[in-house]
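Peer 1: My questions will all concern the structure given below.
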Amino acid sequence: MATALKTSSWLRPSLDWLLIFVPIAFALRYVVAGRHGTALFIVSALAIIPIAGWMGKATEQLAHRMGEGIGGLLNASFGNAAELIIALMALRAGHIEVVKASITGSIIGNLLLVLGVSVFAGGLRYKKQTFNKTAARASCTALILAAVALVIPTIFHRTAAATPGGWTPAAEQTLSLAIAVVLVGTYAAMLCFSLVTHKQLFVRDDADIASEGDASNDAHAEPWSVKKALMILLGATIAVAWVSEFLVGAVEEARQSLGVTEVFVGVIIVAIVGNAAEHSTAITMALKNKMDLAIGIAVGSSLQIALFVAPVLVFASYLFPHQLNLEFSIPEVVAVVVAAFVTDQIAGDGESNWFEGVQLLALYIILGLLFYYLPSAH
Amino acid sequence: MATALKTSSWLRPSLDWLLIFVPIAFALRYVVAGRHGTALFIVSALAIIPIAGWMGKATEQLAHRMGEGIGGLLNASFGNAAELIIALMALRAGHIEVVKASITGSIIGNLLLVLGVSVFAGGLRYKKQTFNKTAARASCTALILAAVALVIPTIFHRTAAATPGGWTPAAEQTLSLAIAVVLVGTYAAMLCFSLVTHKQLFVRDDADIASEGDASNDAHAEPWSVKKALMILLGATIAVAWVSEFLVGAVEEARQSLGVTEVFVGVIIVAIVGNAAEHSTAITMALKNKMDLAIGIAVGSSLQIALFVAPVLVFASYLFPHQLNLEFSIPEVVAVVVAAFVTDQIAGDGESNWFEGVQLLALYIILGLLFYYLPSAH
Amino acid sequence: MATALKTSSWLRPSLDWLLIFVPIAFALRYVVAGRHGTALFIVSALAIIPIAGWMGKATEQLAHRMGEGIGGLLNASFGNAAELIIALMALRAGHIEVVKASITGSIIGNLLLVLGVSVFAGGLRYKKQTFNKTAARASCTALILAAVALVIPTIFHRTAAATPGGWTPAAEQTLSLAIAVVLVGTYAAMLCFSLVTHKQLFVRDDADIASEGDASNDAHAEPWSVKKALMILLGATIAVAWVSEFLVGAVEEARQSLGVTEVFVGVIIVAIVGNAAEHSTAITMALKNKMDLAIGIAVGSSLQIALFVAPVLVFASYLFPHQLNLEFSIPEVVAVVVAAFVTDQIAGDGESNWFEGVQLLALYIILGLLFYYLPSAH
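Protein chains in written order, with my numbering: chain A, 489 to 866; chain B, 489 to 866; chain C, 489 to 866.
In structure tokens, the structure reads:
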């Protein structure tokens with residue numbers, strides 16, 4: 489146990505050190521101003537990571553205060569708030585491709601990178617790690633369903649576009665909207681399933697989370713007051729939104745100077761930034777041999793993106809000039825489906841080992857290579 | 489048990505009430521005549537449902553009399569006779585697209601709608617329902633094989649069409665015919681497996697079927713004589729064929745006045761009509777916590793369509809002016825493959841709950857939306 | 489046991505009888521010379537089968553001498569040496585399509601034909617055969633990963649080709665090269681997993697292999713000396729390379745006179761020739777109810793092709809005028825993915841029966857039909 493605690497206190501505080509980039513980002517944006525787009529992009533990206541971590545902590549504390557049901561709902565709704573805010577900012581700025589790519593990227597990043605590193609790191613310490621097969625299978629099935637749902641608008645687009653006079657953007661938008669409604673409905677049903685009717689399958693070991701919290705943030709050992717949690721949540725949300733605007737504003741310049749495409753920025757860079765907090769928590773849990781939690785975080789976060797964040801972005805886009813639909817490119821669709829199936833294959837038997845982590849990471853690298861070499865659609 | 493019996497007597501007789509539509513269909517066709525195509529289509533569809541139910545009952549009774557081996561073969565061959573007859577009528581009238589779509593629709597309808605409603609309804613009553621994992625897996629594997637086989641002619645068509653001078657309709661027809669032969673051979677092997685060499689895996693609980701029969705049809709508590717069963721089977725077959733002709737004759741007019749495509753008519757409407765009897769039986773079984781039977785009906789019926797009805801239609805089409813091949817559209821192929829994989833994922837662990845039913849239904853709705861918005865290929 | 493031994497001595501020696509074709513091949517090539525391309529092709533193909541078998545035996549004997557670790561590595565590296573040599577000869581002669589097709593064909597041939605016949609034959613003798621589920625699942629997961637990796641360059645090609653000005657052969661080659669590096673890295677990790685950290689999962693029953701060796705080759709009952717094994721390995725390697733050159737040189741003429749495409753030659757014919765030795769061993773093991781070994785041979789050989797032989801061919805192609813990339817045709821990609829998924833579905837539950845063998849074979853026949861009817865891309 490002592491080793492595990494040491495590991496966690498080595499891993500977690502590292503994120504808080506990144507808070508140093510928050511003032512640097514503001515300075516670059518308002519003091520230096522103008523022509524340092526790439527630097528601003530990188531600094532903003534690094535600055536968002538710890539603030540998103542604090543949003544997560546505040547949500548966790550509020551959820552703890554609210555009791556199981558409402559708390560679970562809160563976690564489920566705000567768990568990916570940072571991704572949602574970044575995506576909303578990008579949507580407002582008309583970076584539709586980046587938004588779509590960040591949805592895909594968050595899903596494959598959580599499934600392959602976060603889960604891959606967790607399984608690998610945990611597997612180096614323990615020869616075999618086990619977890620609840622039924623819960624993992626239930627999540628993976630929902631994941632496969634979500635992946636398939638995201639394929640449908642693409643199938644529509646391809647088929648309808650090949651039909652003379654058949655394709656209308658309006659029909660495509662309506663189809664995406666209708667699918668978004670079905671996805672949100674499925675998400676509501678899943679919450680009811682996991683928080684109400686079958687909650688015993690998804691036991692969150694509160695004691696573990698708490699002890700882990702103690703270890704990594706000694707200053708915050710006692711639970712926060714509701715007021716403190718709310719204030720921190722509000723402050724962090726404003727800060728994430730603000731810095732996200734810098735990030736989004738600098739995306740075009742950074743993209744060009746780094747020589748990568750919009751899709752690569754969304755799929756790889758934005759997705760890693762938005763999920764850094766999940767990443768660090770999942771690895772810590774895996775190193776403590778709590779694979780149920782590690783898998784719950786990685787798969788649960790992907791599910792939330794697919795069933796909640798993506799539909800909410802479709803709905804929210806009606807407030808902006810450019811509407812978002814759910815038609816992804818073929819490589820994105822393949823990446824999501826493949827990530828869902830391989831995760832299911834690996835998590836479906838209730839056991840993991842280091843080689844399974846290597847396989848998830850190998851797939852992530854291969855997909856990263858694909859998106860890196862893929863030419864821009866513009 | 490009392491509740492279950494009540495439920496079943498509420499559900500089953502409802503189908504017989506639909507017999508009222510049989511004379512209405514004949515009246516509309518021969519007395520009123522002409523210009524009521526849409527009404528005739530709807531009335532004929534409703535009239536086929538109870539007659540198909542009686543065909544099923546007669547087959548069941550005959551099978552019961554014939555003993556296990558021959559009886560199983562009878563059930564396996566005539567279990568989807570209604571779908572087969574409707575499809576033959578549509579084939580004769582040259583509605584090739586409707587026939588293909590009704591094959592796809594029967595498969596996804598049984599897997600997603602029938603199984604989805606059964607799992608959902610059963611799951612509302614019982615927290616967890618269990619069933620024989622080995623039998624479910626064996627059926628699902630055959631299903632995946634069948635889904636893959638139906639993909640091959642489409643792959644051929646796409647690839648060959650992209651090869652200059654490479655594609656000939658004759659080669660495509662020969663390939664479909666050869667695949668149909670392999671599918672029927674696999675079906676024969678499956679019957680040998682499930683009725684002869686490994687029949688203990690597929691126990692049909694005859695006592696249950698019988699008691700269920702008692703409850704829902706008090707008038708027919710004692711087994712029918714072979715003569716009676718044969719007469720009813722013959723009468724119902726003629727009636728289904730006759731009314732199917734009305735249905736097929738009115739399809740074009742109905743399609744236009746309802747504003748839907750041929751594919752939507754086949755995938756959703758014809759498929760629901762043809763499978764209504766399976767539907768009601770599977771739900772009744774799920775409500776009685778007999779998930780082995782519910783899954784057996786839904787998955788078994790899909791398998792029969794893919795491995796037996798589809799090849800037989802290919803063979804039979806040589807009697808008609810237009811030959812049927814097994815080249816489906818991309819959306820149809822995706823729908824079948826996805827339905828087979830998701831069913832396997834859900835049924836493969838030998839357990840079900842209400843949320844799994846919701847997931848199957850969500851996928852059915854999403855696929856229905858796809859086919860609804862998809863423009864006609866003509 | 490006696491029956492099993494008799495079966496094996498009936499099966500194995502049959503391959504050695506084929507050695508008669510070695511002198512015939514040389515005679516046809518150097519004595520008769522010229523215009524008997526098709527005969528030379530067939531005779532060379534038959535001649536390679538037993539020499540490849542002797543390469544396998546020599547590798548096995550060396551591996552036995554070297555001890556577990558190095559021995560396993562040797563087996564893993566030279567297990568598919570015959571395929572590798574044939575492919576290198578074809579690569580040198582510029583038959584890029586044949587090489588790619590033989591990679592695909594070796595994978596599906598091992599998974600569907602070798603495993604299918606083994607499961608079927610074993611299932612005829614034993615009602616149910618069981619094997620280690622964890623080991624089978626681990627191999628199948630690696631297989632799915634490999635299949636997915638081979639899909640990526642094709643996705644890239646299709647997507648990039650549809651982007652105006654986006655596609656460059658150089659980018660495609662670099663992507664293939666990078667993926668090949670990831671695949672070899674995964675292979676190294678897999679060897680470390682199966683030979684070092686988790687070797688107890690992959691127990692090779694040496695006693696069984698030995699007793700099987702005794703039975704089939706009474707003359708070689710005592711282990712070979714290292715020198716003898718090395719000499720035979722060297723001699724057989726030279727012979728395979730030599731006869732492969734005849735085979736490759738006659739491929740064009742044989743192809744035309746048999747009326748089949750290059751892809752069919754690679755996928756079906758070359759693949760069967762290269763895997764004949766695996767074929768005979770896997771069946772023998774299945775008939776002895778040693779399904780762990782039968783599955784290990786079939787799945788392991790496929791994995792070796794995908795994770796080791798294919799990347800090595802990509803690297804080696806830089807020595808020749810034509811570079812090899814990993815962009816396969818859509819039918820090849822579909823065949824590999826489908827074969828991997830169906831194998832996983834069938835092997836993933838740790839049980840097999842004759843009908844599962846029929847299903848694997850049915851899929852092999854269907855894919856064979858596809859490649860037979862598919863027009864040549866040229």
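For each residue, glycine too, the CB sits at the ideal point set by N, CA and C.
Run through chain B and tell me which residues come within less than 9 Å of C/Val822, C-beta to C-beta.
Peer 2: Counted from its first residue, the third sequence places residue 822 of chain C at position 334. Correct list: Val636, Val639, Ile640, Ile643.
Peer 1: Starting from B/Ile783, find everything on chain C with Cβ-Cβ shorter than 7 Å and list it in chain order.
Peer 2: Position 295 of the second sequence, counting from 1, holds the residue named residue 783 of chain B. Chain C residues near B/Ile783: none, gap ~16 Å exceeds 7 Å.
Peer 1: Do the stretch 602-614 of chain C and the stretch 811-824 of chain C meet, that is, are 3 or more Cβ pairs less than 8 Å apart?
Peer 2: Flag = no, the stretch 602-614 of chain C and the stretch 811-824 of chain C do not touch.
Peer 1: Using a C-beta cutoff of 8 Å, does A/Tyr861 count as contacting chain C?
Peer 2: Indexing the first sequence from 1 puts residue 861 of chain A at position 373. Interface residue, yes.
Peer 1: So which residues of chain B does A/Ile625 contact, with C-beta pairs closer than 7 Å?
Peer 2: Your numbering for residue 625 of chain A matches position 137 in the first sequence. With the sequence shown as reference, residue 625 of chain A is identified as Arg, and Ile is not the correct amino acid for it. Asp837, listed in chain order.
Peer 1: For the alpha helix (DSSP H) that B/Phe815 lies in, which residues bound it at each end?
Peer 2: Counting from one through the second sequence, the residue named residue 815 of chain B turns up at place 327. The amino acid at residue 815 of chain B is misidentified as Phe; the sequence shows Glu. No alpha helix (DSSP H) holds B/Glu815; DSSP gives it neither H nor E.
Peer 1: Could you check the C-alpha separation between C/Ser704 and C/Ile537 for me, to the nearest Å?
Peer 2: Taking the first residue of the third sequence as 1, we reach residue 704 of chain C at position 216. Taking the first residue of the third sequence as 1, we reach residue 537 of chain C at position 49. Bear in mind that a pLDDT of 45 at C/Ser704, under 50, signals an unreliable position, so the number given afterwards is only what the model happens to contain. Rounded to whole angstroms, C/Ser704 to C/Ile537 spans 17 Å at the Cα level.
Peer 1: Under three-state DSSP, which class holds B/Glu710?
Peer 2: As a working note, residue 710 of chain B is residue 222 in the second sequence. Correct three-state label for B/Glu710: coil.
Peer 1: Looking at B/Val821: is its Cβ nearer than 8 Å to the Cβ of B/Thr642?
Peer 2: For this step, residue 821 of chain B is matched to residue 333 along the second sequence. For this step, residue 642 of chain B is matched to residue 154 along the second sequence. Contact: yes.
Peer 1: Do C/Ala729 and C/Ile573 come within 8 Å of each other at the CB atom, strictly closer than that value?
Peer 2: Locating residue 573 of chain C in the third sequence gives position 85, counting from the first residue. Locating residue 729 of chain C in the third sequence gives position 241, counting from the first residue. Yes; because the gap between Cβ atoms is below 8 Å, this pair is in contact.
Peer 1: Name the residue from C/Ile783, C/Leu855, C/Phe808 whose alpha carbon lies nearest to the alpha carbon of C/Glu839.
Peer 2: Locating residue 839 of chain C in the third sequence gives position 351, counting from the first residue. Closest by alpha carbon: C/Ile783.
Peer 1: In or out: A/Lys776 buried (at least 16 other Cβ within 10 Å) or exposed?
Peer 2: Residue 776 of chain A sits at position 288 when you count from the first residue of the first sequence. Classification for A/Lys776: buried.
Peer 1: Since B/Phe859 contacts B/Phe752 with CB under 8 Å, what's their CB separation in whole angstroms?
Peer 2: Counting from one through the second sequence, the residue named residue 859 of chain B turns up at place 371. Counting from one through the second sequence, the residue named residue 752 of chain B turns up at place 264. Contact holds; Cβ gap of about 5 Å.
Peer 1: Run through chain A and tell me which residues come within less than 8 Å of B/Leu858, C-beta to C-beta.
Peer 2: As a working note, residue 858 of chain B is residue 370 in the second sequence. Result: Ile640, Ile643, Phe644, Leu663.
Peer 1: From the DSSP output, in three-state form, read off A/Thr618 for me.
Peer 2: Position 130 of the first sequence, counted from the start, is the residue given in the question as residue 618 of chain A. Note: A/Thr618 maps to strand in three-state DSSP.
Peer 1: What is the C-beta distance between C/Phe644 and A/Leu862, in whole angstroms, given that I count them as a contact (C-beta under 8 Å)?
Peer 2: Position 156 of the third sequence, counted from the start, is the residue given in the question as residue 644 of chain C. Position 374 of the first sequence, counted from the start, is the residue given in the question as residue 862 of chain A. Between A/Leu862 and C/Phe644 the Cβ distance is about 6 Å, and since that is below 8 Å, they are a contact.
Peer 1: What residue range is occupied by the uninterrupted alpha helix (DSSP H) comprising A/His686?
Peer 2: For the purposes of this step, residue 686 of chain A is taken as residue 198 along the first sequence, with counting starting at 1. Element bounds for A/His686: n/a, residue is neither H nor E.
Peer 1: Which residues of the stretch 792-804 of chain C have a Cβ closer than 9 Å to any Cβ of chain A? Give them in chain order.
Peer 2: Under the 9 Å Cβ criterion, the stretch 792-804 of chain C contributes no residue.
Peer 1: Does the Cβ-Cβ distance between B/Leu665 and B/Asp832 come in under 8 Å?
Peer 2: By 1-based counting over the second sequence, the position of residue 665 of chain B is 177. By 1-based counting over the second sequence, the position of residue 832 of chain B is 344. For B/Leu665 and B/Asp832, no; Cβs fall outside 8 Å.
Peer 1: Tell me the start and end of each unbroken alpha helix (DSSP H) in the stretch 540-625 of chain C that is at least 4 residues and wholly inside, in chain order.
Peer 2: The qualifying runs are 556-566, 569-580, 584-596, 603-613.
Peer 1: Leaving out five residues on either side along the sequence, give the residues of the same chain with a beta carbon under 8 Å from the beta carbon of A/Ser590.
Peer 2: Counting from 1 along the first sequence, the entry for residue 590 of chain A is found at position 102. Same-chain partners within the cutoff: Glu571, Ile574, Ala575, Ala578, Gly754, Val755, Val758, Ala759, Gly762.
Peer 1: Which residue's Cα is closest to the Cα of B/Asn568: B/Ala794, B/Pro809, B/Val739?
Peer 2: Start at 1 with the first residue of the second sequence, and residue 568 of chain B comes out as number 80. Comparing Cα-Cα distances from B/Asn568 to each of B/Ala794, B/Pro809, B/Val739, the minimum goes to B/Ala794.
Peer 1: Would you kindly work out how many angstroms separate the C-alpha atoms of A/Thr769 and C/Pro799, rounded to a whole number?
Peer 2: Here residue 769 of chain A corresponds to residue number 281 of the first sequence, with the count starting at 1. Here residue 799 of chain C corresponds to residue number 311 of the third sequence, with the count starting at 1. In a straight line, the C-alpha of A/Thr769 is about 36 Å away from that of C/Pro799.
Peer 1: Between which two residues does the alpha helix (DSSP H) harbouring C/Arg743 extend?
Peer 2: Translated into positions along the third sequence, residue 743 of chain C becomes position 255. Its alpha helix (DSSP H) spans residues 739-746.
Peer 1: Any C-beta of chain C within less than 7 Å: which residues of the stretch 806-820 of chain B qualify?
Peer 2: Listed by position, the residues of the stretch 806-820 of chain B near chain C (Cβ gap below 7 Å) amount to none.
Peer 1: Let me see if you follow: with CB-CB separation under 8 Å, is B/Thr651 close to chain C or not?
Peer 2: The residue given as residue 651 of chain B occupies position 163 in the second sequence. Yes, its Cβ sits closer than 8 Å to a Cβ of chain C.
Peer 1: Does DSSP classify B/Ser840 as helix, strand or coil?
Peer 2: For this step, residue 840 of chain B is matched to residue 352 along the second sequence. Three-state result, B/Ser840: strand.
Peer 1: Can you tell which of C/Gln792, C/Val826, C/Ser864, C/Gly723 has its C-alpha closest to the C-alpha of C/Gly747?
Peer 2: Your numbering for residue 747 of chain C matches position 259 in the third sequence. It is C/Ser864 whose Cα lies nearest to the Cα of C/Gly747.
Peer 1: Distance check for B/Glu585 and B/Glu750, CA to CA, integer angstroms please.
Peer 2: Within the second sequence, the letter at position 262 stands for residue 750 of chain B. Within the second sequence, the letter at position 97 stands for residue 585 of chain B. Each residue's Cα considered, the two are about 7 Å apart.
Peer 1: Helix, strand or coil for A/Phe529? Go by DSSP, reduced to three states.
Peer 2: The residue you call residue 529 of chain A lines up with position 41 of the first sequence. Here A/Phe529 sits in helix by DSSP.
Peer 1: Hey, how far is the Cα of A/Val736 from the Cα of A/Leu516?
Peer 2: The residue labelled residue 736 of chain A in the question sits at position 248 within the first sequence. The residue labelled residue 516 of chain A in the question sits at position 28 within the first sequence. Their Cα atoms are separated by approximately 14 Å.
Peer 1: Which residues in the same chain have their Cβ closer than 6 Å to the Cβ of B/Phe566, if we skip the five residues on either side of it in sequence?
Peer 2: As a working note, residue 566 of chain B is residue 78 in the second sequence. Excluding positions up to five away in sequence, the list reads Thr547.
Peer 1: Excluding the five sequence neighbours on either side, which residues of its own chain have a C-beta within less than 6 Å of the C-beta of A/Asn620, listed in chain order?
Peer 2: As a working mapping, residue 620 of chain A is identified with position 132 in the first sequence. Only Asp780 meet the Cβ criterion.
Peer 1: Tell whether a beta-carbon distance below 8 Å holds between A/Leu561 and A/Leu683.
Peer 2: Stepping through the first sequence from its first residue, residue 561 of chain A is reached at position 73. Stepping through the first sequence from its first residue, residue 683 of chain A is reached at position 195. Contact flag set, yes.
Peer 1: Under 8 Å between C-beta atoms, does C/Ala850 make it to chain F?
Peer 2: The question asks about chain F, but that chain is absent: this structure's protein chains are A, B and C.
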